[in-house]
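Peer 1:
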Amino acid sequence: MAQRSVPFFNYPALFMQDETGLTDVVMDVLRRGAYILQKDLAEFETALATFTGAKHAIGVADGTNAMLLGLRALDLPPGSEVIIASHTYVATAAAAHFAGLTPVPVDCGSDHMIDPASVEPAITPRTRVIMPTQVNGRTSDMDAIGAIAKRHNLIVAEDAAQALGSKFKGKCAGTFGAFGTFSFYPAKLLGCFGDGGAVLTNDDAIAEKVRLHHDHGRNDDGIFVSWGTNSRLDNLQAAVLHYRLKSFDEAIARRRQIASHYQEQLGDISDLMLPPAPGSEPDHFDVFQNYEMEAGKRDALRDHLKANGIGTLVQWSGQPVHRIKALGLDRHLPNTDRLFQRCFMLPMHLALSDDDVAYICDTIRDFYRRNN
Ligand SMILES: Cc1ncc(COP(=O)(O)O)c(C=O)c1O
């Protein structure tokens, strides 16, 4: 087997794969001197709303601020509890915390998503929001979440940072609840060249509040009508995102194709638990932000892959939210604890060739030949 190098993510390729097109977009913005709250941002917001089927899309500084602004716009009593998955980035919990709310992490199911069965026992008289993370480019069972919310009169919101384009029963991630949020961090499904994020909502009042709060409380006439902050999406980033959104369907198709290749070449290895293959579950359209899988022999397998030039990663540096000591959110979440002894991610990005995928799979098969 010839040794090659397959990084977990290839940051230079984000630009190099389309240098001419992206240079044109950036140069056009720079020549116009169009930096803040300009037409490229408005056009991207419209395109994003159309793509997802949301009424409003508001570009903001990043995915963390998107959640913070969305939660603040709900105007909840301080200390209200927000149920989140523990299998999420610390940002989900932090957004609740900085909105004056209390994050309550719950367990995940076998598909790595928030487990609806663990949501209901976590509800208290202070619970106001259920905010699942649509992790890895998959949308949670939003029927089950919606039914619990309805029973207990709770608001649903989504951390869809990793799930632009993902669907549950044909409906886009980010559009199920009061609001949904995205991150445009470079390594995300739709990445820009820095930080970026967006809030989606169908609720005019929430949209209005997020718009005011993200630009110092200033309305369209330039009058300051409320408290606010600066959490705008740069116009330059918006222009890049709009350009990249035009070929986003192909990007998703390629990710799903890579996932199919992994499934075909690794599906018979009994020590591995792969994510559901594209098309294998009629309710889910997964877009594979990540290819997160489980392996009984995870650590030795990762070492073998590393020795053969292949980058892998355990999400959140191996720390689900309830295990981050500094936050004090520890709870008994056995499924998540078990998952984090087994889970890791293979490379999943658009600079990955079919030969790279074959090399990764051959290297994994080689490991199991030696270690079975
Ligand atoms: C699930 C999830 N939520 C929130 C965020 C935060 O997004 P950002 O880095 O744009 O603030 C991320 C980004 O890593 C994420 O993966």
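Mind the numbering: the sequence shown is residues 2 to 373 in our numbering, read in order. Even for Gly, the Cβ is constructed at its ideal location relative to N, Cα and C. All values derive from a computational prediction rather than experimental measurement.
Can you tell me whether Arg256 is buried or exposed? The criterion is at least 16 other CB atoms within 10 Å of its CB, across all chains shown.
Peer 2: Position 255 of the sequence shown, counted from the start, is the residue given in the question as residue 256. With 16 or more other Cβ atoms within 10 Å, it is buried.
Peer 1: Would the beta-carbon of Ala1 fall within 8 Å of that of Ile84?
Peer 2: Nothing about residue 1 can be read from this structure; the chain reaches only from 2 to 373.
Peer 1: Which residues mark the beginning and the end of the beta strand (DSSP E) in which Arg129 is found?
Peer 2: In the sequence shown, residue 129 corresponds to position 128, counting from 1. From DSSP, the beta strand (DSSP E) with Arg129 extends over 128-132.
Peer 1: Using the C-alpha atoms, what's the distance from Trp317 back to Phe368?
Peer 2: Residue numbering aside, residue 368 sits at position 367 when the sequence shown is read from its first letter. Residue numbering aside, residue 317 sits at position 316 when the sequence shown is read from its first letter. About 25 Å.
Peer 1: List, from N- to C-terminal side, the beta strand (DSSP E) runs of 3 residues or more that fit wholly inside the stretch 6-68.
Peer 2: For the stretch 6-68, whole beta strand (DSSP E) runs of length 3 or above, ordered along the chain, are 57-61.
Peer 1: Go ahead and label Phe341 buried or exposed: buried means 16 or more other beta carbons lie within 10 angstroms of its beta carbon, across all protein chains shown.
Peer 2: Locating residue 341 in the sequence shown gives position 340, counting from the first residue. Its Cβ being crowded by 16 or more others within 10 Å, Phe341 is buried.
Peer 1: Just checking Ser141 against ligand 1 - is the residue's beta carbon closer than 7 Å to any of the ligand's heavy atoms?
Peer 2: For the purposes of this step, residue 141 is taken as the residue at position 140 of the sequence shown. Checking the Cβ of Ser141 against ligand 1 gives no.
Peer 1: Suppose you measure from the CA of Tyr1 to the CA of Thr128; what does that come to, to the nearest Å?
Peer 2: Since the displayed the chain opens at 2 and closes at 373, residue 1 lies outside it and no answer follows.
Peer 1: Could you give the distance in angstroms between the alpha-carbon of Gly34 and the alpha-carbon of Gln238?
Peer 2: Along the sequence shown, one-based indexing puts residue 34 at 33. Along the sequence shown, one-based indexing puts residue 238 at 237. Distance between the alpha carbons of Gly34 and Gln238 is about 13 Å.
Peer 1: Quick one: is Arg32 buried, meaning 16 or more other Cβ sit within 10 Å of its Cβ, or exposed?
Peer 2: Taking the first residue of the sequence shown as 1, we reach residue 32 at position 31. Per the 10 Å Cβ criterion, exposed.
Peer 1: With distance defined between alpha-carbon atoms, name the residue in Asp112, Phe99, Gln18, Gln264 nearest to Leu347.
Peer 2: Here residue 347 is taken as the residue at index 346 of the sequence shown, counted from 1. Nearest option by C-alpha distance: Gln264.
Peer 1: Return yes when the C-beta of Ser184 is under 7 Å from any heavy atom of ligand 1, and no when it is not.
Peer 2: The sequence position of residue 184 within the sequence shown is 183, counting from 1. Yes, ligand 1 has a heavy atom inside 7 Å of this Cβ.
Peer 1: Given this structure, state the Cα-to-Cα distance separating Thr202 from Asp304, to the nearest angstrom.
Peer 2: Reading the sequence shown from its first residue, position 201 is the one you call residue 202. Reading the sequence shown from its first residue, position 303 is the one you call residue 304. Answer to the nearest angstrom: the Cα atoms are 43 Å apart.
Peer 1: Short check: CB of Leu314 to CB of Met294, under 8 Å?
Peer 2: As a first step, residue 314 is located in the sequence shown; it is residue number 313 there, counting from the start. As a first step, residue 294 is located in the sequence shown; it is residue number 293 there, counting from the start. Cβ distance not < 8 Å, so Leu314 and Met294 don't count as in contact.
Peer 1: Hey, is Ala97 close to ligand 1, as in C-beta under 7 Å from one of its heavy atoms?
Peer 2: Here the question's residue 97 lines up with position 96 in the sequence shown. Checking the Cβ of Ala97 against ligand 1 gives no.
Peer 1: In whole angstroms, give me the CA-to-CA distance for Val130 and Gly197.
Peer 2: Against the sequence shown, residue 130 aligns to sequence position 129. Against the sequence shown, residue 197 aligns to sequence position 196. Each residue's alpha carbon lies about 24 Å from the other.
Peer 1: For Gly110, which option in Ile361, Arg366, Asp338 has the closest C-alpha, if you only look at C-alpha atoms?
Peer 2: Taking the sequence shown and counting its residues from 1, the one referred to as residue 110 is at position 109. With distances taken between Cα atoms, Gly110 lies closest to Asp338.
Peer 1: Check Lys210 in the structure and name its three-state DSSP category.
Peer 2: Stepping through the sequence shown from its first residue, residue 210 is reached at position 209. In the structure shown, Lys210 sits in a helix (DSSP, three-state: H, G or I).
Peer 1: Can you tell me which residues form a DSSP beta bridge with Gly417?
Peer 2: The chain is shown only over 2 to 373; residue 417 falls outside these bounds and no answer can be derived.
Peer 1: Regarding Thr89 and ligand 1, is the C-beta to nearest heavy atom distance less than 7 Å?
Peer 2: For the purposes of this step, residue 89 is taken as the residue at position 88 of the sequence shown. Thr89: yes, Cβ under 7 Å from ligand 1.
Peer 1: Given 7 Å as the limit, tell me if Thr364 has its C-beta closer than that to any heavy atom belonging to ligand 1.
Peer 2: The residue you call residue 364 lines up with position 363 of the sequence shown. Outside the cutoff, so no.
Peer 1: Taking a contact to mean a Cβ-Cβ separation below 8 Å, would you say Ala48 touches His243 in this structure?
Peer 2: Here the question's residue 48 lines up with position 47 in the sequence shown. Here the question's residue 243 lines up with position 242 in the sequence shown. Yes, the pair counts as a contact, with Cβ atoms nearer than the cut-off.
Peer 1: I need the DSSP call for Ile224, collapsed to helix, strand or coil.
Peer 2: To locate residue 224, count along the sequence shown from 1; it is residue 223. Residue state, collapsed to three classes: coil.
Peer 1: Please check the pair Met349 and Phe286, which I expect to be a contact at CB under 8 Å, by giving their CB distance rounded to whole angstroms.
Peer 2: Position 348 of the sequence shown, counted from the start, is the residue given in the question as residue 349. Position 285 of the sequence shown, counted from the start, is the residue given in the question as residue 286. Going by Cβ atoms, the distance from Met349 to Phe286 rounds to 16 Å, so no, they are not a contact pair.
Peer 1: Flag Leu174 as yes when its Cβ comes closer than 7 Å to any non-hydrogen atom of ligand 1, and as no otherwise.
Peer 2: Within the sequence shown, the letter at position 173 stands for residue 174. The question names Leu, but residue 174 in the sequence shown is Ala. Result no, Cβ not under 7 Å from ligand 1.
Peer 1: Give the single residue among His98, Gln4, Glu20 whose Cα lies nearest to the Cα of Glu82.
Peer 2: Taking the sequence shown and counting its residues from 1, one reaches residue 82 at position 81. Measuring from the Cα of Glu82, the nearest candidate turns out to be His98.
Peer 1: Report whether the distance from the Cβ of Gly64 to the nearest heavy atom of ligand 1 is below 7 Å.
Peer 2: One-based indexing of the sequence shown puts residue 64 at position 63. Correct: Gly64 has its Cβ closer than 7 Å to ligand 1.
Peer 1: Can you determine whether any heavy atom of ligand 1 sits closer than 7 Å to the C-beta of Thr337, and answer yes or no?
Peer 2: In the sequence shown, counting from the first residue as 1, residue 337 sits at position 336. Every heavy atom of ligand 1 is 7 Å or more from the Cβ of Thr337, so no.
Peer 1: Leu273 bridges to which residues according to DSSP?
Peer 2: For the purposes of this step, residue 273 is taken as the residue at position 272 of the sequence shown. Per DSSP, Ala296.
Peer 1: Taking C-beta to C-beta, are Val358 and Pro106 nearer than 8 Å?
Peer 2: By 1-based counting over the sequence shown, the position of residue 358 is 357. By 1-based counting over the sequence shown, the position of residue 106 is 105. No; because the gap between Cβ atoms is not below 8 Å, this pair is not in contact.
Peer 1: Specify whether the stretch 222-235 and the stretch 247-256 touch according to this definition: at least 3 beta carbon pairs, one from each stretch, less than 8 Å apart.
Peer 2: Touching, no.
Peer 1: Let me know the secondary structure DSSP gives Glu159 once reduced to three states.
Peer 2: As a first step, residue 159 must be located in the sequence shown, where it is residue number 158. In this structure, Glu159 counts as strand in the three-state DSSP scheme.
Peer 1: Restricting to runs no shorter than 4 residues, where is the alpha helix (DSSP H) found entirely within the stretch 216-261?
Peer 2: If we require 4 residues or more, the alpha helix (DSSP H) runs fully inside the stretch 216-261 come out as 236-246.
Peer 1: Reducing DSSP to helix, strand and coil, say where Gly114 ends up.
Peer 2: Within the sequence shown, residue 114 is the residue found at index 113, counting from 1. What sits at residue 114 in the sequence shown is Met, not Gly. Residue state, collapsed to three classes: coil.
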